[in-house]
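**Q**
In the working numbering, the protein residues as written are 122 to 627.
Here you go:
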């Protein structure tokens, strides 16, 4: 994992609102060495971005130019507004998957209103502080997310190595050798960039016939105009687009915020999740009007930018957006000549380095609690099975919640203490009272044998929900049926107010 250096990799500010006013951007522009690193990282990221964006456009049922132009808008907008510097945003596969059914059933003209509505939802999400919910994603889910990401990236490249001319395989080997060997000689230029350039030159000069970027979709070199709003602005349109819009919004937010958290860990810096959320909404609305499709953080390309390119600032993603603009327009014939095998090799190396191999080491698995390992495994399996990172994370979080509740449910301790007064008995309760633990609380008391006065000491317990209050009411009711009175003592101020408000009203 790369360690950011104070002099050349300044930490991103959380409050900057302008690209030009960001201290990290200013320091990069003043340092030719750091500037070249950021720009070159952006170039490598762009080359890794192109084939995936084009293939995702096919999934979504839109023209490849739509996804490429939308990616330019997304990258540039997030470079200015985003809360996580160096994170790459473009037209993504997860968003394409949720848009595709609507396009197939109703037509591509409904994409724009769906994207606009999704952007509004994301802006509200960011501005209301809901992005802080990401703190509830457990470490085991994050590790599963990262490992599943590596698997998805790797196997997404396999089709480029199957049923292809035999010349593809020596070119693949050449690309891998350059990526692995060049860093031992020099780190002035990113090895993946050198590998892509060298392999492309070999193919062009030798006139080799191998699959290239041009085979993935037409490279016209022309930019589309403003996306026209072709559907009526009425309730019928809203009924068609709102389910897709919500899916776009929350799938995009989930992948973006998880990627931001991953970059936080890689760079050991903090990001502004709320700002990233509302900025994504703004970027998607702009991309909808000029381009025509939504997007979110591109996890694999972000790893390329941050881990391989060593990028740390907004300059890298701005450079990626500008280079992509240049390739889509002026240099589209050059872009079309890039061999797919070179890009596939780069992404396979990225996939291998993305996996947290330490988490899979036998010694780590032996030390790790079984529930944590199960959560990680479920996250990976669901992601790989569905091809959707958001589904895997959701499944992992839900399973982690259930396993946590199950563990905590058994931490309640109740001790019966008999004092000098035979007419009084005290029960000491320890542990958090919530729906998982309070259901068993009722069974810890000896209602028939206890004397007339029962004191339940809750000094070392806390009431967290209505289920706990209902359990205490049930205890009191059972003792009353046996002619005993119950006094609850020791509650902290918050728990006491909560108990008083709900007791006898449930």
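No residue lacks a Cβ here, since even glycine has one placed at the ideal position from N, Cα and C.
Considering only residues of the same chain and omitting the five flanking positions on each side of residue 403, which have a CB-CB separation below 8 angstroms?
**A** Excluding positions up to five away in sequence, the list reads 198, 202, 240, 244.
**Q** With a Cβ-Cβ cutoff of 8 angstroms, do residue 549 and residue 567 count as a contact?
**A** no
**Q** To which residues does DSSP link residue 577 through a beta bridge?
**A** BP columns for residue 577 point to 548, 609.
**Q** Mind reading off the beta-carbon distance from residue 448 to residue 461? Whole number of angstroms is fine, and I expect it under 8 angstroms.
**A** Their Cβ separation, rounded to whole angstroms, is 15 angstroms, which puts residue 448 and residue 461 out of contact at 8 angstroms.
**Q** Let me check understanding here. Comparing Cα to Cα, which of 418, 336, 153 lies closest to residue 453?
**A** 336
**Q** Measure the Cβ-Cβ separation of residue 231 and residue 352 and say whether it is below 8 angstroms.
**A** yes
**Q** Below 7 angstroms CB to CB, which residues in the same chain sit around residue 146 once its five sequence neighbours on both sides are set aside?
**A** These residues qualify, in order along the chain: 140, 434, 435, 436.
**Q** By a C-beta neighbour count over all protein chains shown, 10 Å radius and 16 as the cutoff for buried, is residue 615 buried or exposed?
**A** By the neighbour-count rule (16 or more Cβ atoms within 10 Å), residue 615 is not buried but exposed.
**Q** According to DSSP, residue 584 sits in a beta bridge with which residue or residues?
**A** DSSP lists 554 as the bridge partner or partners of residue 584.
**Q** Relative to the C-alpha of residue 369, which residue among 207, 401, 388, 347 is closest?
**A** 401
**Q** For residue 266, decide whether its Cβ has a neighbour in chain C, counting only Cβ atoms nearer than 8 angstroms.
**A** This model lacks chain C altogether, as it is built from one protein chain only.
**Q** From the DSSP output, in three-state form, read off residue 509 for me.
**A** coil
**Q** With distances taken between CB atoms, is the gap from residue 192 to residue 170 smaller than 8 angstroms?
**A** yes
**Q** So does residue 212 have its beta carbon nearer than 7 angstroms to some heavy atom of the ligand MG?
**A** For the ligand MG, the structure offers nothing, since it holds no ligand at all.
**Q** How far does the alpha helix (DSSP H) with residue 621 in it reach, from first residue to last?
**A** Where residue 621 is concerned, the enclosing alpha helix (DSSP H) starts and stops at 614 to 623.
**Q** Distance, Cα to Cα, residue 249 vs residue 374?
**A** 14 angstroms
**Q** Report yes if the CB atom of residue 387 is closer than 8 angstroms to the CB atom of residue 427, and no otherwise.
**A** yes
**Q** Could you check whether residue 242 and residue 414 sit closer than 8 angstroms to each other, using their CB atoms as the reference points?
**A** no
**Q** Would you mind reading off the limits of the alpha helix (DSSP H) that contains residue 324?
**A** 312 to 327
**Q** Taking the alpha-carbon positions, what's the residue 255 to residue 559 distance?
**A** 28 angstroms
**Q** When you compare only the Cα positions, how much space is there between residue 363 and residue 266?
**A** 28 angstroms
**Q** Can you give me the start and stop residues for the beta strand (DSSP E) that residue 536 sits inside?
**A** Looking at the DSSP string, the run of the beta strand (DSSP E) that includes residue 536 is 534 to 539.
**Q** Check whether the Cβ atoms of residue 513 and residue 503 lie closer than 8 angstroms to each other.
**A** yes
**Q** Is it right to say residue 506 is buried, meaning 16 or more other beta carbons lie within 10 angstroms of its own, or is it exposed?
**A** The residue in question, residue 506, is exposed, as its Cβ has fewer than 16 Cβ neighbours within 10 Å.
**Q** Can you tell me whether residue 291 is buried or exposed? The criterion is at least 16 other CB atoms within 10 Å of its CB, across all chains shown.
**A** exposed
**Q** Hey, out of 314, 309, 552, 536, whose CA is closest to residue 529's CA?
**A** 552
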